[in-house]
Structure formats: structure tokens, C-alpha cells
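Below is one structure, written out as C-alpha cells, with a few remarks after it.
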């Protein structure tokens, strides 16, 4: 979402929204209350003096919402700080609706948010080295594979969708083995590592494919 600083969504506000979202998730373990807390942060920053909306914010003098705190203390309402344009508010709304999805928040209940990014990163870097250069495609495959493992676990990632590899030529392939096998492959050649990677990339990026085995064998299975 490309929204420039000069129309309201500054880097400072973006950091605040990120912090508010984390606080909202950690403030409760109840999914309904969590959704309310997340949407409260959205309405808090999108409210204006002309159209305030703080009903979802926690009440009381100790509320993080300045307007609810002022209300509890009987003080005048403070001016709204951000005054985001409507087009920015409407661009943010579907983002917050997705962030407050009950299925997503169920996985965050019980304060299960700490170091989540680092946890995912550790899975990615277990598949590809941070110290060595890799192509964009290789990194993309590693990320898709890591997300599959991170979300479903190794067992489900490999049993619900998997690639059945045939004879793949690698740096360890012996010439005598290659000659013995190639004649049985309809395509008359062994597979290449990047061809397997593309098949795995397809499976990992296909959100509506499950319970399938994709042969990557040059037609060997059909010839048997």
C-alpha cells in the first residue's frame, strides 16, 4: 500500500500502529475482546474532532485512549492528533479487518506473539544460508517452504502436498548410474534441481491444493 507521508500516514504513525496492534493482542486472551481491542486502535487513529469514534476504546481514567480518560475525569476532550484523510482510512480498514480475523487471533491468544517473526526467520534460514548469495527464485522457494512448515508443521507440509521426485541429476550423480537410468525415462534425461524447486514452489504457493502428490520424474511413473 503506497501512501506517502504528506497525506497523513507517517513513519512515526506506522510504528505506533504496529505497537498498538501488539499491545491489543497481548491485552487479553479472549478472541472477541482481542478483535475489539484491535479495531479500537484503528478507530482511535481514524477519529476526528468532527467524527470521533472511541466507543471501542477501554474506559476509565487509566485508559490508553486520551479521550476516554478525559471523559472519565470529567475533562474537556483533547483535540484529535492524526486527522487522517478518508482515503487513507478506507485503505487501512480492510487491513485491520484482516488483522482482526478470529482465526488469526486464535493463534495469537495466550501472548503467543513474542519473537514470532524471528521464529519464522529461523525456519527460513534453516533452509537457505544467510551467509551465501542465493537467487531471488531460491529465496522465494525457501520462504514458501518455511511458511508451509511454520503454519502446518513438517509432517502436514509433506503429507498433504508433496513432490514425488524421479531421477535427479546432482553433483553426486555417477556417469554409470546416469547411463543406466536415462533410457527408462520417457524424456530421455534426468531431472534438474531447479525443476524440482519449481514444482515445490508451485505446491507451496497453491493455497487450495491439498492431499496431492506431484510427480517430477520426466514421465518415469507412466513408463513403469
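Numbering (the numbering used here), first residue to last: 1077 to 1300. All C-beta atoms, glycine included, are put in the ideal place defined by N, C-alpha and C. Only a predicted model underlies this, so the values are computations on that prediction, with no experimental measurement involved.
Taking the alpha-carbon of residue i as reference, which of the options has the nearest alpha-carbon?
{"i": "residue 1215", "options": "1181, 1289, 1261, 1277", "result": "1277"}
{"i": "residue 1093", "options": "1113, 1201, 1105, 1104", "result": "1113"}
{"i": "residue 1223", "options": "1209, 1279, 1103", "result": "1279"}
{"i": "residue 1107", "options": "1160, 1087, 1176", "result": "1176"}
{"i": "residue 1272", "options": "1246, 1253, 1258", "result": "1246"}
{"i": "residue 1290", "options": "1275, 1282, 1270", "result": "1275"}
{"i": "residue 1117", "options": "1212, 1259, 1196, 1158", "result": "1158"}
{"i": "residue 1060", "options": "1212, 1111, 1256", "result": "Limits of the chain in this structure are 1077 at one end and 1300 at the other, which puts residue 1060 out of reach."}
{"i": "residue 1156", "options": "1126, 1138, 1148, 1089", "result": "1126"}
{"i": "residue 1210", "options": "1296, 1294, 1270", "result": "1270"}
{"i": "residue 1090", "options": "1255, 1160, 1250, 1251", "result": "1160"}
Could you have a look at residue i and say whether DSSP puts it in helix, strand or coil?
{"i": "residue 1241", "result": "strand"}
{"i": "residue 1281", "result": "helix"}
{"i": "residue 1178", "result": "helix"}
{"i": "residue 1290", "result": "strand"}
{"i": "residue 1098", "result": "helix"}
{"i": "residue 1080", "result": "The pLDDT assigned to residue 1080 is 45, lower than 50, so where the model puts this residue is not dependable, and the model offers no usable value."}
Measuring straight from C-alpha to C-alpha, what distance separates residue i and residue j?
{"i": "residue 1298", "j": "residue 1099", "result": "56 Å"}
{"i": "residue 1109", "j": "residue 1268", "result": "51 Å"}
{"i": "residue 1085", "j": "residue 1164", "result": "7 Å"}
{"i": "residue 1150", "j": "residue 1143", "result": "10 Å"}
{"i": "residue 1240", "j": "residue 1198", "result": "26 Å"}
{"i": "residue 1189", "j": "residue 1181", "result": "Because residue 1189 sits at a pLDDT of 49, beneath the cut-off of 50, its placement in the model cannot be relied upon, and the following sentence gives the value as read from the coordinates. Cα to Cα, residue 1189 sits roughly 10 Å from residue 1181."}
{"i": "residue 1183", "j": "residue 1220", "result": "20 Å"}
{"i": "residue 1208", "j": "residue 1218", "result": "14 Å"}
{"i": "residue 1115", "j": "residue 1130", "result": "10 Å"}
{"i": "residue 1205", "j": "residue 1242", "result": "26 Å"}
{"i": "residue 1103", "j": "residue 1265", "result": "59 Å"}
{"i": "residue 1141", "j": "residue 1133", "result": "6 Å"}
{"i": "residue 1095", "j": "residue 1162", "result": "22 Å"}
{"i": "residue 1292", "j": "residue 1258", "result": "14 Å"}
{"i": "residue 1231", "j": "residue 1128", "result": "Caution applies to residue 1231, whose pLDDT of 48 falls short of 50 and renders its modelled position unreliable; the value that the coordinates give is listed next. One C-alpha to the other measures close to 49 Å."}
{"i": "residue 1179", "j": "residue 1097", "result": "16 Å"}
{"i": "residue 1153", "j": "residue 1145", "result": "9 Å"}
{"i": "residue 1139", "j": "residue 1196", "result": "33 Å"}
{"i": "residue 1260", "j": "residue 1253", "result": "12 Å"}
{"i": "residue 1281", "j": "residue 1136", "result": "47 Å"}
{"i": "residue 1087", "j": "residue 1200", "result": "27 Å"}
{"i": "residue 1295", "j": "residue 1248", "result": "22 Å"}
{"i": "residue 1250", "j": "residue 1101", "result": "55 Å"}
{"i": "residue 1077", "j": "residue 1262", "result": "The predicted position of residue 1077 is uncertain, since its pLDDT is 44 and thus under 50; no value can be drawn from it."}
Determine, using beta-carbon pairs with one atom in the region 1113 to 1128 and one in the region 1156 to 1168, whether at least three such pairs fall under 8 Å. Cβ pair count under 8 Å is three or more, so yes.
Mind pulling the alpha helix (DSSP H) runs of 4 or more residues that sit fully within the region 1106 to 1162? Unbroken alpha helix (DSSP H) runs of no fewer than 4 residues, entirely contained in the region 1106 to 1162, are found at 1107 to 1122, 1142 to 1148, following chain order.
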